[in-house]
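Structure record follows, encoded as structure tokens.
2 protein chains.
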Amino acid sequence: MTQPPLDYQSAGVDYHRIDQLKIRAQQAARGTARHLGAHAATEIGASRGESAYVVDVGGVLVASIVECLGTKALVADAMRPISGRTHYDTIAQDTIAMAVNDLVTVGAAPVSVHAYWAAGSSDWFNDVARMEDLVRGWKAACDVCEVSWGGGETPALAGVVQPGSIDLACASVGIINPRERLTLGHNLAAGDAIVLLAASGIHANGVSLGRKLAERLPEGYATRMGDGRAFGEALLDPTVLYPPVLKALWAAGVIPHYTVNVTGHGWRKLMRHPGDFTYRMQTLPPVPAVLAFMQGEARLDAREAYGSLNMGAGFAMFLPQNQAAAAIAAARSAGVHAWNAGVVEAGPRQVVIEPLDLVFTADELQLRA
Amino acid sequence: MTQPPLDYQSAGVDYHRIDQLKIRAQQAARGTARHLGAHAATEIGASRGESAYVVDVGGVLVASIVECLGTKALVADAMRPISGRTHYDTIAQDTIAMAVNDLVTVGAAPVSVHAYWAAGSSDWFNDVARMEDLVRGWKAACDVCEVSWGGGETPALAGVVQPGSIDLACASVGIINPRERLTLGHNLAAGDAIVLLAASGIHANGVSLGRKLAERLPEGYATRMGDGRAFGEALLDPTVLYPPVLKALWAAGVIPHYTVNVTGHGWRKLMRHPGDFTYRMQTLPPVPAVLAFMQGEARLDAREAYGSLNMGAGFAMFLPQNQAAAAIAAARSAGVHAWNAGVVEAGPRQVVIEPLDLVFTADELQLRA
Chain A
159 MTQPPLDYQS AGVDYHRIDQ LKIRAQQAAR GTARHLGAHA ATEIGASRGE SAYVVDVGGV
219 LVASIVECLG TKALVADAMR PISGRTHYDT IAQDTIAMAV NDLVTVGAAP VSVHAYWAAG
279 SSDWFNDVAR MEDLVRGWKA ACDVCEVSWG GGETPALAGV VQPGSIDLAC ASVGIINPRE
339 RLTLGHNLAA GDAIVLLAAS GIHANGVSLG RKLAERLPEG YATRMGDGRA FGEALLDPTV
399 LYPPVLKALW AAGVIPHYTV NVTGHGWRKL MRHPGDFTYR MQTLPPVPAV LAFMQGEARL
459 DAREAYGSLN MGAGFAMFLP QNQAAAAIAA ARSAGVHAWN AGVVEAGPRQ VVIEPLDLVF
519 TADELQLRA
Chain B
159 MTQPPLDYQS AGVDYHRIDQ LKIRAQQAAR GTARHLGAHA ATEIGASRGE SAYVVDVGGV
219 LVASIVECLG TKALVADAMR PISGRTHYDT IAQDTIAMAV NDLVTVGAAP VSVHAYWAAG
279 SSDWFNDVAR MEDLVRGWKA ACDVCEVSWG GGETPALAGV VQPGSIDLAC ASVGIINPRE
339 RLTLGHNLAA GDAIVLLAAS GIHANGVSLG RKLAERLPEG YATRMGDGRA FGEALLDPTV
399 LYPPVLKALW AAGVIPHYTV NVTGHGWRKL MRHPGDFTYR MQTLPPVPAV LAFMQGEARL
459 DAREAYGSLN MGAGFAMFLP QNQAAAAIAA ARSAGVHAWN AGVVEAGPRQ VVIEPLDLVF
519 TADELQLRA
């Protein structure tokens, strides 16, 4: 094997550049909060920079968000001739997951979603099988998350979106009720347990790397992994919908101190909270076969793998030690494996992954202005 | 001149096909409304199929939406070498207008927006001048509409979005307060006046046709129109932000019976309401120079022009005759020209444009399942 290892940046995603824009936009955005007074509304200021934005309107805490699928639909398109299925039912689930899994981090139950399906041309919508799968999968994910599908936008954007492709995103509105569920990290404390929720596979972050890898493999997406499944098929395992886990948690009377949806920055996201805390991880969840395959075939070291992929941990909840068992049981009741995998400590902001002898320092995750 | 006339479908936008998908999705979406009960929320059912979705959460009426800019950014990209400006400040205004102008139709004051900026690659975000214009224009439009910019999503989507391009959209949340402002057309009645609000130009609908036309013109976007302005420059005049008009209207104690944002279907949109009404238009607002130029150069007949472009009417308000003068004054106080331009009559669902001897019948606008 003569090819160099793949890294995430060579796969076309440069998070540093994107983060610069995010920070610039966040600064301008902050200056608009004063307008809420005109609507007898107030901002929950601490939600700025968090995964969803929260406003108090007439005593009701409303959270909102828009999130993008990313490039996972390209894998579905490539797999269709191989598998004979469109895969857009699970692609729909992925798209909704991107939004609702972020929305629940602030303690909001998602109430409604809007679909954003921007195709490269009107022709996209004439493929009946694909279209029916997309609609069916979208509705099924709404049913799992108990959200109302309120509408959407289905433009044809020749010249903006690639011919034959579709840009999929989801906007969602949620409510935090009762207000005590508002989860913005104020209560995060040294000693808190870190409970990780199982991922089903790559979810929808790291897909560019997966696509790059497929180009290298002699049989591409059809390459069989150790477990006999095609690589492309495994890449398409849909993202876990975490709202039912949070619902079960809340029903059990547990309100986490903080939660994190593990997405584009892998385990670096565990230090999403701005405070001075060290996140000491002592247990690694099982690595989904597709991620282990990617790590091996792309020759990622542990730093690259855990710094950009979820590696089996799709969501993290930070809560008092004496609530960890209840949280794990609640997750299990919602069909999701969970582990008490680490502990929050006072100290420099960093993620320490003890079993891998790996440290991510604060400068490796810059999300805020 | 040997080339055939341009029509909207030859410009790559086939609304009939898109509408089929919309209808299919609307049917599935309707089946998810029952989930609201789990959140102690209820749906304002009549908002389904309207321009924004309304839910009652704890006594607060929350409206939400996601809307796309379309392809207007491609005009900005093409004009930049000609004008020496990025134009992304006004492109930002257009994108926000697409969302908030729809949101106000249901009687909601927009409260927050989320930015959706999906680029073809991370390189897009390295163009500092363009990026600063986009951020500045976005903030300025938020200031005009008195909305808080809550956050956003800035993915790089190589393989989905064209290299060098960006897919711009806006998600917005609004509140209807007091509840009596809820505007879903229940009160629309024969005899109501139809007040049209001035458009600034093409807004962001019909842009594909404009781009197609530019390809035909010997000097493309640099072609001078009768008023001396470059065609591309005029195409980029930003969409009017209508929320300040509605704010002035509400402050004057006027609540329209129904309102319509005139977008992708031109004046056919005037029969957006599902009821059996004839919309008899007696007055034509002045046609913005850029639209007159397009009509002439693309040799559109009146049916094609008024059936796909706003032709000077960017927004329509249906209200009692005795409130028309107050509505027009309110619009003027917000800096927008308005005309009492027609009347609602009992009769078959159609738009009659008397000065043009033109009729659009109900089968020419199918938005609902």
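Chains A and B supply the protein sequences, listed in that same order.
Going by this note's numbering, the final residue of the first sequence carries number 527, and the count climbs one at a time with no gaps.
Going by this note's numbering, the final residue of the second sequence carries number 527, and the count climbs one at a time with no gaps.
The beta-carbon is built from N, C-alpha and C at its ideal position, and this holds for glycine as well.
Predicted model, so just to flag it, every value in this text is computed and none were measured.
Query, Result
"Give the interface partners of residue 190(A) over in chain B, defined as CB-CB distance under 8 Å, in chain order.", "297, 300, 301, 305, 306 and 307"
"Among 184(B), 507(B), 491(B) and 333(B), which residue has its Cα nearest to the Cα of residue 407(B)?", "491(B)"
"Should residue 287(B) be labelled buried (16 or more other beta-carbon atoms within 10 Å of its own) or exposed?", "exposed"
"List the residues of chain A whose Cβ lies closer than 7 Å to the Cβ of residue 180(B), in chain order.", "312"
"Within the same chain, show all residues whose beta-carbon is closer than 6 Å to that of residue 365(B), passing over the 5 residues directly before and after it, in chain order.", "228, 229 and 230"
"Hey, out of 273(B), 331(B), 281(B) and 257(B), whose CA is closest to residue 269(A)'s CA?", "331(B)"
"Give a yes or no on contact between the region 457-473 of chain B and the region 332-349 of chain B, applying the rule of three or more CB pairs nearer than 8 Å.", "no"
"If contact is defined by three or more beta carbon pairs under 8 Å, each pair taking one atom from either stretch, is the region 295-314 of chain A in contact with the region 271-283 of chain A?", "yes"
"Mapping DSSP to helix, strand and coil, what is residue 430(B)?", "coil"
"Give me the subset of the region 319-335 of chain B whose CB atoms are less than 8 Å from a CB atom of chain A, sorted by chain position.", "319, 320, 323, 324, 325, 327, 329, 331, 333 and 335"
"With a CB to CB cut of under 8 Å and the five nearest residues on each side skipped, what residues in its chain are close to residue 506(A)?", "434, 436, 519 and 520"
"Count the other C-beta atoms from every protein chain shown that fall within 10 angstroms of the C-beta of residue 376(A), then say buried if there are 16 or more, exposed otherwise.", "exposed"
"Indicate the three-state DSSP secondary structure (helix, strand or coil) for residue 412(B) in the structure shown.", "coil"
"Give me the residue from 399(A), 384(A) and 321(A) with the minimum Cα distance to residue 447(A).", "384(A)"
"Could you give the C-beta distance for residue 320(A) and residue 278(A), rounded to a whole number, given that I count them as a contact under 8 Å?", "5 Å"
"Leaving out five residues before and five after residue 527(B) in sequence, what residues of the same chain have Cβ atoms less than 6 Å from its Cβ?", "Residue placement at residue 527(B) cannot be trusted, given a pLDDT of 48 that sits under 50; the coordinates are not used to answer."
"Indicate whether at least one CB of chain A lies closer than 8 Å to the CB of residue 527(B).", "Confidence in residue 527(B) is poor, its pLDDT being 48 and thus under 50, which makes the residue's placement unreliable; the coordinate value appears in the next sentence. It does not: the Cβ of residue 527(B) has no partner Cβ on chain A nearer than 8 Å."
"Are any of the Cβ atoms in chain A nearer than 8 Å to that of residue 159(B)?", "Summary for residue 159(B): the model assigns pLDDT 40, below 50, so the residue's position carries little reliability; its value from the coordinates is reported in the next sentence. Not an interface residue."
"For the region 216-229 of chain B, list every residue whose C-beta sits within 8 Å of some C-beta in chain A, in sequence order.", "216, 217, 218, 220, 222, 223, 224, 225, 226, 228 and 229"
"Are the CB atoms of residue 494(B) and residue 398(B) within a distance shorter than 8 Å?", "yes"
"State buried or exposed for residue 479(A), treating a residue as buried only when at least 16 other CB atoms are found within 10 Å of its CB.", "exposed"
"Where does residue 475(B) fall in DSSP's three states?", "strand"
"Could you please give the first and the last residue of the uninterrupted alpha helix (DSSP H) stretch that includes residue 249(B)?", "246-261"
"How big is the Cα-Cα spacing for residue 523(B) and residue 424(B)?", "10 Å"
"Sort 264(A), 304(A), 243(A) and 260(A) by Cα distance to residue 289(A) and report the nearest one.", "243(A)"
"With distances taken Cα to Cα, identify the nearest neighbour of residue 361(A) among 370(A), 389(A), 386(A) and 396(A).", "396(A)"
"Rounded to whole angstroms, what is the Cα-Cα separation between residue 404(B) and residue 412(B)?", "9 Å"
"Of all Cβ atoms in chain B, is any one closer than 8 Å to the Cβ of residue 264(A)?", "no"
"Taking residue 196(A) as the query, report the chain B residues whose CB atoms sit under 7 Å from its CB, ordered along the chain.", "304"
"What residues in the region 199-213 of chain B have a beta carbon less than 7 Å from any beta carbon of chain A?", "199, 201, 211 and 213"
"Using beta carbons (cut-off 8 Å, strictly below), is residue 502(A) in contact with chain B?", "no"
"Contact criterion: CB-CB distance below 8 Å. Does residue 420(B) meet it with respect to chain A?", "no"
"Determine the extent of the alpha helix (DSSP H) in which residue 452(A) is found, giving its start and end residues.", "447-455"
"Note down, in chain order, every chain B residue with its Cβ under 7 Å from the Cβ of residue 293(A).", "182, 183 and 186"
"For residue 419(A), which residues does DSSP report across the bridge?", "473(A)"
"Of all the options 261(B), 328(B), 295(B) and 430(B), which has the alpha carbon lying nearest to the alpha carbon of residue 273(B)?", "328(B)"
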